[in-house]
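Here's the structure we're looking at; comments come further down.
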Amino acid sequence: MAKIFPFPALKANSPLLAFLLFAGPVLPVANAQEVDAPRAEMPAPPDTENGPASQNSAQTPPAEPAINPQADDVEIQKLLSKLANAVTSLEYRGFATFEHAGVMESVEVVHGIRSGEPVERIRFLTGAPREMVSRGQDAQCRRDGSPLSRAGLWSNVGLQNVQGNYQFVLRGEERIADRDAVVLEARPRDVHRFGMVVSVDRETGLPLKSLLVAPSGRLLERFQFVELDLAPIVDSDLQPHSDAARESEGAGHCGSLVSRWQLSWVPNGFKAVAARELVDGEMQVFSDGLSAFTVFVQKLGPNMNYRGRAVRGATVAYMDHLEVNNEHYTVTVVGEIPDNTAVLVAKSVKAH
Amino acid sequence: MSHGNHQQRLNESLSALMDGEASELEVQRLLKESDVAGGDLSQRWSRYQLAASVMRGEKVAPVNLGLAASISAAIADEPDLVATAEPEAANDSSGTRSRWWRQLSRGAVAATVAFAAVLGVQQLQAPQTGGELVAEVERPAQQPVQSVPQPSGFLVPTLNTRSVSTNPQLVPEQRIGMGSSPQVQVVPSPELMRHLNRVMMEHSEQAARMSSQGMVPFARATYGERPPE
Chain A
1 MAKIFPFPAL KANSPLLAFL LFAGPVLPVA NAQEVDAPRA EMPAPPDTEN GPASQNSAQT
61 PPAEPAINPQ ADDVEIQKLL SKLANAVTSL EYRGFATFEH AGVMESVEVV HGIRSGEPVE
121 RIRFLTGAPR EMVSRGQDAQ CRRDGSPLSR AGLWSNVGLQ NVQGNYQFVL RGEERIADRD
181 AVVLEARPRD VHRFGMVVSV DRETGLPLKS LLVAPSGRLL ERFQFVELDL APIVDSDLQP
241 HSDAARESEG AGHCGSLVSR WQLSWVPNGF KAVAARELVD GEMQVFSDGL SAFTVFVQKL
301 GPNMNYRGRA VRGATVAYMD HLEVNNEHYT VTVVGEIPDN TAVLVAKSVK AH
Chain B
1 MSHGNHQQRL NESLSALMDG EASELEVQRL LKESDVAGGD LSQRWSRYQL AASVMRGEKV
61 APVNLGLAAS ISAAIADEPD LVATAEPEAA NDSSGTRSRW WRQLSRGAVA ATVAFAAVLG
121 VQQLQAPQTG GELVAEVERP AQQPVQSVPQ PSGFLVPTLN TRSVSTNPQL VPEQRIGMGS
181 SPQVQVVPSP ELMRHLNRVM MEHSEQAARM SSQGMVPFAR ATYGERPPE
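Here the protein sequences come in this chain order: A and B.
Read left to right, the first sequence gives residues 1 to 352 (full-length UniProt numbering).
Read left to right, the second sequence gives residues 1 to 229 (full-length UniProt numbering).
Quick look at the structure:
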């Protein structure tokens with residue numbers, strides 16, 4: 001029965017949501033927030049505190065599903081900090097499916113903690129053998145005090161930033177990998193990022209399922225656990241299990257690089273969180289706390305002067321080029337962001 | 001009981017026919033039965049043939065029977081995809097998009113095998129009118145393009161579609177100003193492909209270090225890896 005509750009409410013809400021999503025470029029952000037505000041401040045009917053909320057919202061279709069926003073807010077905050085804690089400090093392993101646009105793969109994932117740093121191993125069980133082991137990356141970022149590093153992300157500052165860019169909504173409950181989960185939706189407040197629906201394990205706070213959603217409501221990507229084991233991880237589980245394994249040592253590149261390139265525009269809320277020098281150029285990573293994109297500026301030669309976009313799953317790569325002092329540079333903006341945003345970012349790259 | 005006897009007699013006749021020793025009466029009986037009973041007898045016939053081939057030491061590919069059927073089915077299904085795409089397109093204000101979908105669908109008919117996988121990963125952000133809701137997230141299989149990979153599922157083992165499906169496709173911009181649907185898609189040159197793979201991987205890896213999404217970005221980074229050549 002609980003399933004029935006979100007649907008009429010969301011349908012009723014959708015014109016408003018669609019308006020928010022698509023009016024973004026036309027209206028200043030402040031307007032969108034004004035539209036938001038009355039809903040958030042809508043007082044809970046005093047006599048229905050213990051009453052069936054779903055019946056109420058069904059009788060008054062335009063009402064927001066959240067009858068008691070304050071209580072929801074508290075629960076959301078709790079959930080978010082639990083989530084933050086879980087992804088950084090919990091050891092687990094399991095099997096998951098990873099889908100995008102009709103392609104489904106299955107993966108084995110292992111998440112361990114060694115010397116306080118996360119060590120991750122992920123291996124595809126379908127298709128060509130692919131495996132990656134990633135270890136020790138966060139220390140540098142923490143030292144640099146990047147507010148958007150994994151640990152800092154859900155600090156008060158990080159949380160404020162995220163909530164400035166997304167509106168969080170509780171969407172009910174579901175069972176994933178034989179565990180009870182709370183469904184949390186992150187609705188983007190403008191058109192420059194995708195929405196996310198995350199099912200958070202009630203007990204541990206681990207994201208058991210996560211969906212990436214385009215503004216149109218189209219599902220771009222789904223990652224979902226099938227089986228989860230919270231037993232401590234032994235060292236052998238963190239060793240590569242196939243010859244095809246790639247090892248990724250994070251040398252910590254948290255925004256310390258002084259770039260000769262500068263962006264005259266990035267979407268609201270995106271901050272440079274990492275930078276790195278490459279053999280043929282440099283890259284800069286921007287994040288709003290949930291989504292991320294990377295700007296590459298490289299000297300790749302004139303035969304790489306493409307202009308266009310490539311798409312794989314939820315990731316878009318928009319290529320453009322740039323001429324500075326008779327030198328050709330290839331600009332590539334890559335990320336889980338809408339195409340148009342990638343184009344705008346690419347066009348905003350300027351030399352210092 | 002009598003049915004059992006009849007069946008047994010049929011089987012014997014079938015074996016006899018296989019061995020070229022069936023009498024005219026037996027052949028008559030089999031022909032009559034194959035008309036009446038439909039599938040059962042012919043399936044048995046296939047199995048006998050297969051067994052015989054194996055005994056003769058021939059290389060057999062029994063899957064191909066099903067494969068051929070699935071390809072036929074896939075091709076037979078294709079016009080439906082186009083057809084279902086059209087009414088949706090009628091509601092869609094962006095006519096360019098529907099034209100584009102139709103083109104893709106046609107392409108899929110022409111090359112069910114090679115392009116299904118590519119189409120499967122192809123997800124362009126064609127601008128759409130609002131109206132669809134986030135609630136529909138739970139029903140992912142709405143796009144025509146998403147039903148395409150189904151037949152390809154049968155074909156994946158026989159083809160090296162893996163490298164195709166993990167590779168990004170480049171869509172060059174034909175017009176200035178975004179929001180227009182792509183007109184042309186090119187298969188990137190190996191050099192361009194390497195570049196795209198590299199930047200997507202680098203991005204996902206770096207993003208994973210910042211991420212609060214658990215293992216998802218790692219899956220993205222790993223997904224993009226090309227199998228060793």
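Each residue gets a CB set at the ideal place from its N, CA and C atoms; glycine is no exception.
Open item on the list: For F218 of chain B, list the residues DSSP reports as bridge partners.
Closed with: The residue labelled residue 218 of chain B in the question sits at position 218 within the second sequence. Answer is none; F218 of chain B lacks a bridge partner.
Task: Segment contact, 8 Å Cβ cut-off, at least three pairs: the segment 86-99 of chain A with the segment 188-198 of chain B - done: Output reads no: the segment 188-198 of chain B does not touch the segment 86-99 of chain A.
Open item on the list: Residues of chain B with CB closer than 7 Å to the CB of E249 of chain A, please, in chain order.
Closed with: For this step, residue 249 of chain A is matched to residue 249 along the first sequence. Result: empty, since nearest Cβ-Cβ is about 11 Å, beyond 7 Å.
Open item on the list: Give me the residue from B:Q7, B:S23 and B:A22 with the minimum Cα distance to D40 of chain B.
Closed with: If you number the second sequence from 1, residue 40 of chain B lands on position 40. Cα-wise, what sits closest to D40 of chain B is B:Q7.
- [ ] Find out if the Cβ-Cβ distance for the pair D299 of chain A, D280 of chain A is shorter than 8 Å.
- [x] Stepping through the first sequence from its first residue, residue 299 of chain A is reached at position 299. Stepping through the first sequence from its first residue, residue 280 of chain A is reached at position 280. Residue identity check: residue 299 of chain A is Lys in the sequence provided, not Asp. Cβ distance < 8 Å, so K299 of chain A and D280 of chain A count as in contact.
- [ ] Check the Cβ-Cβ distances between V345 of chain A and every residue of chain B, and say whether any is below 8 Å.
- [x] Along the first sequence, one-based indexing puts residue 345 of chain A at 345. Among the CB atoms of chain B, none fall inside 8 Å of the CB of V345 of chain A.
Open item on the list: Buried or exposed, going by whether 16 or more other CB atoms sit within 10 Å of the CB of E327 of chain A?
Closed with: Here the question's residue 327 of chain A lines up with position 327 in the first sequence. Exposed, by the Cβ-count rule.
TODO: Go to S115 of chain A, then tell me how far its beta strand (DSSP E) extends in each direction, as first and last residue.
DONE: Locating residue 115 of chain A in the first sequence gives position 115, where the first residue counts as 1. No residue range can be given for S115 of chain A, since it is assigned to no beta strand (DSSP E) and is classified by DSSP as neither H nor E.
Task: Buried versus exposed, by CB contacts within 10 Å (16 or more), G205 of chain A - done: The residue given as residue 205 of chain A occupies position 205 in the first sequence. By the 16-neighbour rule on beta-carbons within 10 angstroms, G205 of chain A is buried.
- [ ] Please report the residue range of the alpha helix (DSSP H) in which D339 of chain A lies.
- [x] Translated into positions along the first sequence, residue 339 of chain A becomes position 339. In the DSSP assignment, D339 of chain A falls within the unbroken alpha helix (DSSP H) covering D339 to K347.
Task: Other residues of its chain near V119 of chain A: CB distance less than 6 Å, five sequence neighbours each side excluded - done: Translated into the one-based positions of the first sequence, residue 119 of chain A becomes position 119. Once the five neighbours on either side are set aside, the close Cβ partners of V119 of chain A are G112, R135 and L238.
Task: 7 Å Cβ cut-off: residues of chain B touching L300 of chain A - done: As a first step, residue 300 of chain A is located in the first sequence; it is residue number 300 there, counting from the start. Neighbours of L300 of chain A on chain B, chain order: H195.
Task: Residues that T332 of chain A contacts on chain B, provided the C-beta gap is smaller than 7 Å - done: By 1-based counting over the first sequence, the position of residue 332 of chain A is 332. The answer, in chain order, is V199.
- [ ] Count the other C-beta atoms from every protein chain shown that fall within 10 angstroms of the C-beta of F115 of chain B, then say buried if there are 16 or more, exposed otherwise.
- [x] For the purposes of this step, residue 115 of chain B is taken as the residue at position 115 of the second sequence. In this predicted model, F115 of chain B has a pLDDT of only 20, less than 50, meaning its place in the structure is not dependable; the value taken from the coordinates is given anyway. With 16 or more neighbouring CB atoms inside 10 Å of its own CB, F115 of chain B falls in the buried class.
Open item on the list: Strictly under 8 Å for the Cβ-Cβ distance: is A310 of chain A near chain B by that measure?
Closed with: Against the first sequence, residue 310 of chain A aligns to sequence position 310. Interface residue, yes.
- [ ] Report the three-state DSSP secondary structure of G205 of chain A (helix, strand or coil).
- [x] The count along the first sequence starts at 1 and reaches residue 205 of chain A at position 205. G205 of chain A: coil per DSSP, three-state reduction.
TODO: Would you decide whether V289 of chain A is buried or exposed? Buried here means 16 or more other CB atoms lie within 10 Å of its CB.
DONE: One-based indexing of the first sequence puts residue 289 of chain A at position 289. This sequence places Gly at residue 289 of chain A; Val is not what is there. G289 of chain A counts as buried, since at least 16 other C-beta atoms from the protein chains shown sit within 10 angstroms of its C-beta.
Open item on the list: For the structure I just gave you, are there three or more beta carbon pairs, one from the segment 324-344 of chain A and one from the segment 296-316 of chain A, closer than 8 Å?
Closed with: Yes: at least three Cβ pairs fall under 8 Å.
Open item on the list: Once the 5 residues before and after D265 of chain A are set aside, which same chain residues still bring their CB inside 6 Å of it?
Closed with: Locating residue 265 of chain A in the first sequence gives position 265, where the first residue counts as 1. Per the sequence presented here, residue 265 of chain A reads as Trp, with Asp not at that position. Taking W265 of chain A as the centre and dropping the five residues before and after it, the same chain places the C-beta of S348 closer than 6 Å to its C-beta, in chain order.
Open item on the list: So for H195 of chain B, helix, strand or coil by DSSP?
Closed with: Here residue 195 of chain B corresponds to residue number 195 of the second sequence, with the count starting at 1. Annotated three-state conformation of H195 of chain B is helix, per DSSP.
TODO: Measure the alpha-carbon distance for L30 of chain B versus Q43 of chain B and round it to whole angstroms.
DONE: Along the second sequence, read from residue 1 onward, the residue named residue 30 of chain B stands at position 30. Along the second sequence, read from residue 1 onward, the residue named residue 43 of chain B stands at position 43. Going by the C-alpha atoms only, they are around 13 Å apart.
Open item on the list: Once the 5 residues before and after residue 375 of chain A are set aside, which same chain residues still bring their CB inside 8 Å of it?
Closed with: Absent from the model: residue 375 of chain A. The displayed extent of chain A is 1 to 352, so no value can be given.
Task: A214 of chain A vs D201 of chain A beta-carbon contact at 8 Å - done: Residue mapping note: residue 214 of chain A aligns to position 214 of the first sequence, counting from 1. Residue mapping note: residue 201 of chain A aligns to position 201 of the first sequence, counting from 1. No, Cβ-Cβ distance for A214 of chain A and D201 of chain A is not below 8 Å.
- [ ] For I76 of chain A, name the three-state secondary structure that DSSP assigns.
- [x] For the purposes of this step, residue 76 of chain A is taken as residue 76 along the first sequence, with counting starting at 1. I76 of chain A falls in the helix class under three-state DSSP.
Open item on the list: Mapping the DSSP letters down to three states, classify residue 354 of chain A as helix, strand or coil.
Closed with: Lying before the first or after the last residue shown, residue 354 of chain A is absent from chain A, which here runs from 1 to 352.
Task: Residue nearest to V199 of chain B in terms of C-alpha spacing, selected from A:V74, A:Q77, A:D72 and A:T315 - done: Taking the second sequence and counting its residues from 1, the one referred to as residue 199 of chain B is at position 199. Out of A:V74, A:Q77, A:D72 and A:T315, A:T315 has the C-alpha closest to the C-alpha of V199 of chain B.
Open item on the list: Taking the beta strand (DSSP E) that P188 of chain A belongs to, which residues open and close that run?
Closed with: Numbered from its first residue, the first sequence carries residue 188 of chain A at position 188. Under the DSSP assignment, P188 of chain A falls in the beta strand (DSSP E) whose first and last residues are R179 to P188.
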